[in-house]
Amino acid sequence: MHTLSKGGAGSGIRIWAGGLLLALAVGGALYAGAARTVNDDAEQRFDNLTHSAQHSLITRVKSYSDLLRGLEALFRTSEHLTRRQFHDYVAGLDIVRQFPAIESVNYAAAVPSAQRAAFIESVRKDTSLAPRGYPAFTIRPAGERPEYTVLTYLEPDSLLAERMGVDIGANPLVAQSLAQARDSGKVSASGQVIMIKGPPAHVGLGMRLPVYRNGMPQGSVAERRAAYQGSVGIGFGVARLVHSALERSALEPLHLTLYSAAGPLPASGALSITPQDRLLFNDDGDLAAPPQPGGDAGYFDRVLPVAYQGGLWKAHFRVRKAELYSPFDRYFPWLALGVGVAGTLLIYGYIFTLYRSRRNAVAQRTLLDTVLDSVDAYVYMKDADLRYRYVNARTATILGRPVEQLIGRQDGELMLGDAAAAAQLTERQVFDSGAKFVGEERFVDAQGQVHHLWSVKVPLGLPGPVTGLIGLSTDVTELHRLKEQADAASQAKSDFLSNMSHEIRTPMNSIIGMAHLALKSVADARQRDYLQKIYHSGQHLLGLINDILDFSKIEAGKLELEVLDFRLDTLLANIASQLGDAAAVKGLALQFDIAPELPQRWRGDPLRLEQVLLNLTSNAIKFSDNGSIFVRVRQSEERGSYAMLRFEVQDRGIGMNQEEVAQLFRSFHQADPSTTRKYGGSGLGLVISKQLVELMGGKVGVYSQPGLGSTFWFTARLEKSAQASDERIAEVEPEVLGVIRGASILLVEDNVFSQQVGCELLEDAGATVCVAGNGREALELLARQRYDCVLMDVQMPEMDGFETTRRIRADPKLTGLLVIAMTANAGSEDRARCLEAGMDEFVTKPIAPNLLFHLLAKWFRLRGGIGNIGRMRASDRLAAAPAAPSSAAAPELRDTAILDLATLALTFSNDAVKMRKYTQLFLDTARDGIAEMEQAMALEDLGRLADLGHRSKSSALAVGAHAFAGLCTSIEGLRVGGDLQQARVLLTALGPALAQVAEQISVEFAASDTP
């Protein structure tokens, strides 16, 4: 182990040494390249500077020649230009500032030998500038010559004494230059270098331009010679010209040596300095030993031509290389060296580390595969296309293929269609929602064996887009088999309890019913006492059976809550009516307290609320001997359309200590076993109450002290009622009935039960009612008689309510007739369909009488009372129609209540005679309806079966048989997508459901007859 470590260390040193050498080589190459780049950039800047300087010199020389042309133009403005005019013009040029290199501006007159004396005399008498003239003027040097070129006008004045009268043509080189200028008419440079002593000493040059007499031709040399009268010229210092041209700061680093070329510009090749070239300027002031091109490697230098009025100057530009380097250029090569070395080492180290990491990753992958292959689970990973990217050995085994045949494939290529579709559905949901999936899946392997898998699928890539998922599935087939056995046992228990409940309830109903009937006819006190004991014992036993059945349902999770509209005062009134007598017997007072600010109307399950309150209140009565029982309702919390109500039941009974309180709410348990013997009870009431409260989203608790009594409380989450008025509860105002009284109403209804209920309610309100069994009969009656209103059922045989209403609106005589739809379907789509067909109003079944009366009164008032069926436009009908009731306002009918007496009492205004009468009528019509459904089933006519289901549903809702109505609703839904097998199952369930309703009706009305 130690030897292996040393060998690995030595190998690492050699690898890093090689990396260092590579880094030095790369850094050196980068240093050389960076130095070359810096030099090239500096040379390019030098080229730009030299060309800029060259251009500046050429421009400056041109500006001086332009000055000469201005002077020549001055002479052409006048036949005889005076000295004063010349002086004023030159003064206006501001030569000191605009042309600082110019040292003299002059005019030399061409004087033939014959006119010499006259010329001298005219100059001496010239007083245009000097009042005394120039009496000492003469032409110098003395001597006779064929022609003179005499400096006549000079500026500045300081030059007059020295230069005025000088014959510049006496110098042969100057005379030759003047002759060339005269004959060509162009500016000429003298070519004569003048050394000016200074201080400082410097080189001076001159330029001249011929001046011709006005009006004379100048087309040929002879004509120009004849018209020639003299020339204007300037003299300037070369040094000051150069300095003025290169005075910009950008050109200051340049060093310049200027030569006058001895020969013309070469046709090709670089320009060079020759010994024959005459030095004009050297910026270091040394005119004896100027620097030569290429003499110093630390300098950039270049020789460029500068045109000088037909001649040529050679400008030798030099600059120290270091002066053109920026601070960054000085460090750039070293920086390149450092970056090259460091970068190479980093890249080398990265590649080396990547190589080692790759080897480690391969080793880790091998280890991970070994671990995952040993896990007793199916592990896999999929990409965004749901293709396998990894599977462990168990996954490959259950899919029946090697791992390499699974990678890159989808479930659809490996499984049967249904299994693949189910797996992809859950996995696509993981991708869409980004949420983990945990649940059970079913898989059939290649051998056809069914596996139940508990799967966890986790998305990858969060919080960004999901890029894949990891799945882990555990085979729970054995657990599933055990669960099925447990469910079967639980179902067997539930079935046993249900059967036993039915078998016990039937004789119990007979015992209670017969005891009730016997009590009505027995006068003997002893026999009456026996019968009352039988009656109350039967009621007690029935309560125990109900508790056991409820407890069984809750344990099995089959107990569901309804959502219905109810009133708190009605709920508490029911408690008072059921327990008031029991409290009075013990001398107790029941007192109810609802918070004044609390609304009366709510939505929830009033039956289960009443059950909990009955249990808590009956317990309070049972364990109290004096005082009052207080039942309070308060609001503890409010959130949007929901609120948490708190109910309290307080007594002054025996109370409990903390140990006894801790034992409450347990199955088959009471605080003290002795209480069972003294007060009775199964110990299930509080357990059932607690579980019902938790189903309603609340909690339950108790405060108690021995000898001082107890306060049981619970909370329930209830929905605020969407109905704004209490029309369904309040008494109908006389003025409402007064509007309806005498109205002629056509009731279009195919259900015999609904026909009889509707007729009796409307006739009690004073209306005259005529009944039609379907739409066709309604149209025939409308053709023969006038009606104030039509109450139209929607679903009927032969012709439904929609088609009937459309035909009514199409008839000009009936277009304004009031039509109100009556349907058991309370959705917004149903309402929209009714209004679209032309109906004026929409009410849902079961219809509360008070609500119907107010509705009729409202529409009769809108139309001016009964007897007025004037035309009413569709827009008027829509404007008068109320807003659609929200979905929350319609009760959800669930199979939890066999018979809701509150609905029955609401429909028949709590009239016991009518309630008994119409429940029996309902049972008769429901049995007939089932018989008709069986006939339709025999003919396999699902459409007819659905119509009969709708008709029976309306009757069931009217009496509060919600479970039976729910089955009828399901049968009605067979119209769309139903099948015969489903229809047979529902039809089979109708008979037992109706038997339960009949049994409940018998029990309820038997109890109401109890003395």
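For the sequence shown, the numbering used here begins at 3 and goes up steadily by one. Virtual Cβ for every residue (Gly too), placed ideally from N, Cα, C.
Using the rule of at least 16 other Cβ atoms within 10 Å of the residue's Cβ for burial, across every protein chain shown, is residue i buried or exposed?
i	result
residue 18	exposed
residue 129	exposed
residue 851	buried
residue 56	buried
residue 335	buried
residue 218	exposed
residue 487	exposed
residue 986	exposed
residue 568	buried
residue 531	exposed
residue 204	buried
residue 210	buried
residue 286	exposed
Is the beta carbon of residue i sitting closer than 8 Å to the one on residue j?
i	j	result
residue 212	residue 233	yes
residue 605	residue 723	yes
residue 988	residue 973	yes
residue 653	residue 712	yes
residue 742	residue 855	yes
residue 906	residue 921	yes
residue 122	residue 151	no
residue 750	residue 761	no
residue 24	residue 399	no
residue 485	residue 429	no
residue 414	residue 389	no
residue 242	residue 262	no
residue 720	residue 789	no
residue 767	residue 739	yes
Could you check the C-alpha separation between residue i and residue j for me, to the nearest Å?
i	j	result
residue 634	residue 650	5 Å
residue 754	residue 927	7 Å
residue 446	residue 380	14 Å
residue 613	residue 825	31 Å
residue 678	residue 624	Note that residue 678 scores 41 on pLDDT, short of 50, meaning its location in the model is unreliable and no value can be drawn from it.
residue 838	residue 489	50 Å
residue 93	residue 87	10 Å
residue 946	residue 968	18 Å
residue 864	residue 796	24 Å
residue 573	residue 632	15 Å
residue 85	residue 126	12 Å
residue 245	residue 186	31 Å
residue 175	residue 283	22 Å
residue 350	residue 301	40 Å
residue 357	residue 28	22 Å
residue 1	residue 901	Within the shown structure, residues of the chain are numbered from 3 to 1013, placing residue 1 beyond reach of any answer.
Just to confirm the assignment, what range does the alpha helix (DSSP H) spanning residue i have?
i	result
residue 90	85 to 94
residue 844	No alpha helix (DSSP H) holds residue 844; the beta strand (DSSP E) holding it covers 843 to 846.
residue 919	914 to 940
residue 335	329 to 376
residue 974	964 to 974
residue 613	608 to 624
residue 119	118 to 126
residue 810	803 to 812
residue 783	777 to 786
For the beta strand (DSSP E) that contains residue i, what are its first and last residues?
i	result
residue 711	711 to 722
residue 770	770 to 774
residue 593	591 to 596
residue 652	644 to 652
Closest to residue i by C-alpha separation, out of the options, would be which residue?
i	options	result
residue 303	93, 50, 701 and 1005	50
residue 103	471, 572 and 63	63
residue 370	421, 392 and 321	392
residue 436	468, 405 and 350	468
residue 598	637, 576, 583 and 450	637
residue 117	566, 148, 53 and 89	148
residue 73	660, 704, 60 and 89	89
Indicate, with yes or no, if the ligand HEM has a heavy atom lying under 7 Å from the CB of residue i.
i	result
residue 533	With respect to the ligand HEM, the structure shown offers nothing to examine, as it has no ligands at all.
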